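Working notes for the structure below.
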Amino acid sequence: MTRIDFAFGASDRLRAACQATRKRYQAGQRLVVYCADGARLAAFDRMLWAFDDISFVPHVLASDPLAADTPVILTAAAPQPAALGSKADDELWLLNLDDDCPPGYDGFARVLEIVSDEPADRQAARQRWRVYQAAGHAPHSHDLAGRTA
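Per numbering that gives the first Met the number 0, the very first residue in the sequence shown carries number 0; after that it's consecutive.
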């Protein structure tokens with residue numbers, strides 16, 4: 000079953016997503032970044048190029064001919080692991096930057112949800128959490144701000 004992880008308390012959702020993407024890349028894991036909002040996905044793409052002066056995270060759009068050979072794939076369409084060159088032994092991760100649950104998320108080993116402190120973002124995340132639970136998943140929560148309950 001797909002593991003779902005929510006990282007709450009990001010001061011900047013896209014910047015935290017860039018940091019998570021770099022971490023997955025440095026760990027040698029393939030990652031698909033999904034967002035149906037083309038403007039948000041384009042902003043993430045631009046930020047991924049510029050958020051860190053000393054490191055580079057190779058990434059392309061899913062439609063790029065190099066997608067099967069690139070560790071980070073960006074897509075606004077429903078992500079499909081097989082279409083992205085995923086092999087049976089790959090642990091393909093999905094980073095969701097959309098306001099809704101990504102279609103086909105259960106085809107991935109892991110789903111990462113980055114949530115900012117913005118009220119609308121938190122509300123959308125709560126709804127996604129409920130959808131995942133209703134589908135039989137037990138989402139895991141992580142506090143990026145280091146607060147204790």
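Each residue gets a CB set at the ideal place from its N, CA and C atoms; glycine is no exception. Model, not experiment: these values are computed from the prediction.
Compute the Euclidean distance between the alpha carbons of residue 147 and residue 8, then round it to the nearest angstrom.
The predicted model places residue 147 with a pLDDT of 47, which falls under 50 and marks its position as unreliable, so this point remains unresolved.
Pick out the complete alpha helix (DSSP H) segments inside the region 72-135, 4 residues or longer, and give them in chain order.
Qualifying alpha helix (DSSP H) stretches, in chain order: 118-133.
Please report how far the alpha carbon of residue 96 lies from the alpha carbon of residue 111, in whole angstroms.
Rounded to whole angstroms, residue 96 to residue 111 spans 9 angstroms at the Cα level.
What residue range is occupied by the uninterrupted alpha helix (DSSP H) comprising residue 19?
Residues 12-25.
Could you tell me which residues DSSP pairs with residue 7 in its beta bridges?
Beta-bridge pairing links residue 7 to 142.
Alpha carbon to alpha carbon, how far is residue 62 from residue 127?
When rounded, the distance between both Cα atoms is 27 angstroms.
CA-CA distance, residue 88 and residue 119?
Confidence in residue 88 is poor, its pLDDT being 48 and thus under 50, which makes the residue's placement unreliable; the coordinate value appears in the next sentence. The alpha-carbon atoms of residue 88 and residue 119 are separated by roughly 37 angstroms.
Which residue or residues does DSSP assign as beta-bridge partners of residue 32?
For residue 32, which the question treats as bridged, DSSP gives the partners 73 and 94.
From 11, 64 and 92, pick the residue whose C-alpha is nearest to that of residue 46; which is it?
When each option's Cα is compared against that of residue 46, the closest is 11.
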